[in-house]
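Below is one structure; the comments refer to it alone.
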Ligand code: KIV
Ligand code: ZN
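In the working numbering, the protein residues as written are 2 to 525.
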């Protein structure tokens, strides 16, 4: 085998699995409408393949994959299946309406999985892999096969399985590092061995799917590209099982920034990276850390004097990418109470939001209320307002007013008024460990919905004493998890809004509220 031809630019296929592997991570489940929104954002981002879900896993998963296949245009839509007839049939049923669809079948191949999980010998694994791929290929010309835990599979056996899968009709062979065990040198060896020893390897695209347990998912994916892989599987913000998957934004920007080295590029529209990251963070409630590469709030912040001095003299002294290339917009435009609708629309567009006239009207109204409380409205404030508006759930219950008194060594007293349609409900009670707990308990009393609070997080949306606080809560109701989000300059009000938002999600799912179009993964 000869090495990659130097300087020949290659196009690497970006296979996004945010909606499948990413959605599997604890607390990241999304409902149907949210999955549709993320799928559209992935198309706008320019990903080649969207793995939309695992259709056999639940009716909600099936429906989401089917809806995405029916209405999202611009990327290949893929459904996951084990090497079982029922899985493959269900996956095909879900993806068949997409103009370009793919079935992704997988079967574990490592000794540890063969012995303890599958209780199958090597011959049985090959037989089942071949049968699975053949069945999928009978439906669809685009078939991907993954030998799960490939990286811990004996080299000879991995080569045999891959060869058999390609002969059976696999057009992509994906090499998963299921448990995040590989190192870059190891991954290099795995891909090179396949290229050297599998006689029909040129008939398929080699893909990699790296988990991040040792923090090397991006490095391992890049090494695989160097060694000849043509597809990378990744997720927005690196979401995924345990420590997550290879982060899409990092691997794409590494290929782009170090094109001199990799001579390989992608179709990704890089200035959509930050808006897409923000969308996924808002929907899942899993925020990226400030210093996260590419999309973290501090990714382009220069604090040290020497660095600032260098930047002022020549930007490239300390900056290898431009913030605008990944979708950060310059932050010198601050809006205030005299700003009009056009300025607001313009800023929202620059931040990556496409608002309908109705959404713009609603956001503008909220913006004016906020501008009365807060002199300067920064990008973070605006993003929080827009996110709140466009991800609103049908609100059965709204917060009319609250009053709470609390102090050291005394039980808080709360007066709470909620509205449901035209009706008004109020309560006055002494309860709780503090003002926020008291409001939550009063809300449970008025709505009749009692939950267990599993997570409560507050963070400041921008800077300064008058910054808005964003509260995210996660509550459990009848065994299912629901998220809630609230934003306000008053952190108690933000908490109240977040809790009520979670209650409204419960109501929308369980009675009264507009029934969801299909069962969603929120209850899987
Ligand atoms: O990590 C893994 O092995 C997977 C496969 C289903 C590709 O997610
Ligand atoms: Zn995985």
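We put the CB at the ideal spot given by N, CA and C, even for glycine.
Using alpha carbons as the reference points, say which of the options lies closest to residue i.
| i | options | result |
| --- | --- | --- |
| residue 339 | 327, 285, 361, 371 | 371 |
| residue 81 | 366, 495, 94 | 94 |
| residue 46 | 130, 278, 282, 32 | 278 |
| residue 359 | 377, 351, 381, 387 | 387 |
| residue 560 | 183, 56, 208 | Summary: the structure shown does not reach residue 560, with the chain confined to residues 2 through 525, and so no result is reported for it. |
| residue 452 | 464, 474, 294, 134 | 474 |
| residue 464 | 280, 425, 487, 377 | 377 |
| residue 235 | 252, 243, 226 | 252 |
| residue 502 | 460, 448, 461, 468 | 448 |
| residue 204 | 169, 292, 424 | 169 |
| residue 287 | 490, 28, 133 | 28 |
| residue 342 | 271, 366, 305 | 366 |
| residue 455 | 349, 291, 480, 153 | 480 |
| residue 274 | 260, 262, 261, 298 | 298 |
| residue 284 | 504, 132, 291, 394 | 394 |
| residue 411 | 459, 281, 436 | 436 |
| residue 157 | 398, 261, 190 | 190 |
| residue 212 | 488, 182, 458 | 182 |
Using DSSP with H/G/I as helix, E/B as strand and the rest coil, what is residue i?
| i | result |
| --- | --- |
| residue 504 | helix |
| residue 105 | strand |
| residue 211 | strand |
| residue 379 | coil |
| residue 297 | coil |
| residue 13 | coil |
| residue 141 | coil |
| residue 358 | helix |
| residue 119 | helix |
| residue 314 | helix |
| residue 290 | coil |
| residue 242 | coil |
| residue 394 | coil |
| residue 262 | helix |
| residue 515 | The predicted model places residue 515 with a pLDDT of 35, which falls under 50 and marks its position as unreliable, so this point remains unresolved. |
| residue 352 | coil |
| residue 78 | strand |
| residue 440 | helix |
| residue 222 | helix |
| residue 320 | coil |
| residue 181 | coil |
| residue 1 | No statement about residue 1 is possible, as the shown extent of the chain runs from 2 to 525 and does not include it. |
Leaving aside the five residues before and after residue i along the sequence, list all residues of the same chain whose C-beta is less than 6 Å from its C-beta, in chain order.
| i | result |
| --- | --- |
| residue 198 | 160 |
| residue 417 | 403, 428, 443 |
| residue 193 | 228 |
| residue 179 | 149, 150 |
| residue 25 | 242 |
| residue 133 | 84, 106 |
In its own chain, which residues sit with a C-beta less than 7 Å from the C-beta of residue i, not counting the 5 before and 5 after it?
| i | result |
| --- | --- |
| residue 507 | 450, 478, 483 |
| residue 311 | 318, 319 |
| residue 185 | 217, 220, 221, 224 |
| residue 55 | 21, 62, 81 |
| residue 140 | 93, 104 |
| residue 114 | 149, 150 |
| residue 337 | 372, 376, 377, 378 |
Is the CB-CB distance between residue i and residue j below 8 Å?
| i | j | result |
| --- | --- | --- |
| residue 35 | residue 79 | no |
| residue 232 | residue 13 | yes |
| residue 107 | residue 147 | yes |
| residue 384 | residue 415 | no |
| residue 88 | residue 268 | no |
| residue 345 | residue 368 | yes |
| residue 409 | residue 322 | no |
| residue 1 | residue 137 | A question about residue 1 goes unanswered here, because the residues of the chain that appear run from 2 up to 525. |
| residue 315 | residue 272 | no |
| residue 249 | residue 69 | no |
| residue 382 | residue 462 | yes |
| residue 96 | residue 126 | no |
| residue 498 | residue 400 | yes |
| residue 476 | residue 485 | yes |
| residue 145 | residue 110 | no |
| residue 398 | residue 493 | no |
Excluding sequence positions up to five away, which residues of its chain have a Cβ less than 8 Å from the Cβ of residue i?
| i | result |
| --- | --- |
| residue 18 | 52, 210, 234, 235, 236, 241, 246 |
| residue 276 | 42, 328, 352, 353, 354 |
| residue 446 | 428, 430 |
| residue 44 | 51, 73, 74, 75, 76 |
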